[in-house]
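Working notes for the structure below.
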Amino acid sequence: EGHKSTVRSTHLEMVLDHDTGEMDGTILTGRLKGVRLSSLSGEEIMSLHFDFRSDTDSISLLESFLDRNYPDWRDRFDSDASGNQNDPSGFDNMTRQEAYQILGLEPNASQDEIHQAWKRLIKGVHPDCGGSAFLAGKINAARDILLDQKT
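Residue 1 is where the sequence shown starts when you use my numbering, and the numbers rise one by one after that.
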């Protein structure tokens, strides 16, 4: 009773409760540093997949959390996530100006304004809600470009 396992990667610290089987994690880096995965929406958690793409340990931990809490996430997300890593549609070449335009923001927008604009837009176009993977990818890329430059 009361046994827990903790595993840490570059971006996440995950805790598994042996008694209940529940798993939760804390984000250790980036714009959501200190936030618990359980406090995020499914879309926000899945967007971390892109953020953590260069760290296989963090991706593995995140996928374990998704497998436990969103069992069908791979059906809806895997093709989008793998498609965005080597993006042939030009997301990697997006300019800051284009990113601001996509999110409908002025160049002096704060991190909070960027996050709120992303959240508002992604709800309407996310593939999980019958939207477009391409548009969701563009919106995610715009957010990532602007937030990476601000941190």
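Every residue, glycine too, gets a C-beta built ideally from N, C-alpha and C. It should be emphasised that the depicted structure is a prediction, and the values quoted were computed from it without experimental measurement.
Would you mind giving the Cβ-Cβ distance between residue i and residue j, rounded to the nearest angstrom? I have them listed as a contact below 8 Å.
{"i": "Q111", "j": "L147", "result": "6 Å"}
{"i": "L37", "j": "G25", "result": "5 Å"}
Starting from residue i, follow its DSSP beta bridges and name the residues at the other end.
{"i": "S5", "result": "L16"}
{"i": "I27", "result": "L12"}
{"i": "R36", "result": "T26"}
Which value, in whole angstroms, describes the spacing of the CA atoms of residue i and residue j?
{"i": "V35", "j": "E43", "result": "15 Å"}
{"i": "R8", "j": "L48", "result": "16 Å"}
{"i": "L66", "j": "A99", "result": "28 Å"}
{"i": "W118", "j": "L105", "result": "10 Å"}
{"i": "H11", "j": "R68", "result": "19 Å"}
{"i": "S5", "j": "Q116", "result": "34 Å"}
{"i": "M23", "j": "I114", "result": "29 Å"}
{"i": "W73", "j": "M46", "result": "8 Å"}
{"i": "K123", "j": "I139", "result": "11 Å"}
{"i": "D75", "j": "S64", "result": "15 Å"}
{"i": "D55", "j": "G2", "result": "30 Å"}
{"i": "S41", "j": "A142", "result": "19 Å"}
{"i": "R120", "j": "L103", "result": "9 Å"}
{"i": "W93", "j": "D17", "result": "A small correction: the amino acid at residue 93 is Asn; Trp does not occupy that position in the sequence shown. Between N93 and D17, the C-alpha separation is close to 43 Å."}
{"i": "D144", "j": "L32", "result": "12 Å"}
{"i": "D57", "j": "V15", "result": "15 Å"}
{"i": "T29", "j": "D51", "result": "10 Å"}
{"i": "A136", "j": "S60", "result": "23 Å"}
{"i": "A109", "j": "T95", "result": "15 Å"}
{"i": "P107", "j": "Q101", "result": "9 Å"}
{"i": "F70", "j": "L62", "result": "In the sequence under discussion, the amino acid at residue 70 is Tyr, which differs from the Phe named in the question. Answer to the nearest angstrom: the Cα atoms are 11 Å apart."}
Where are the alpha helix (DSSP H) runs, 4 residues long or more, that stay fully inside the stretch 92-120, in chain order? Positions of the alpha helix (DSSP H) runs, each at least 4 residues long and wholly inside the stretch 92-120, are given as 96-103 in order along the chain.
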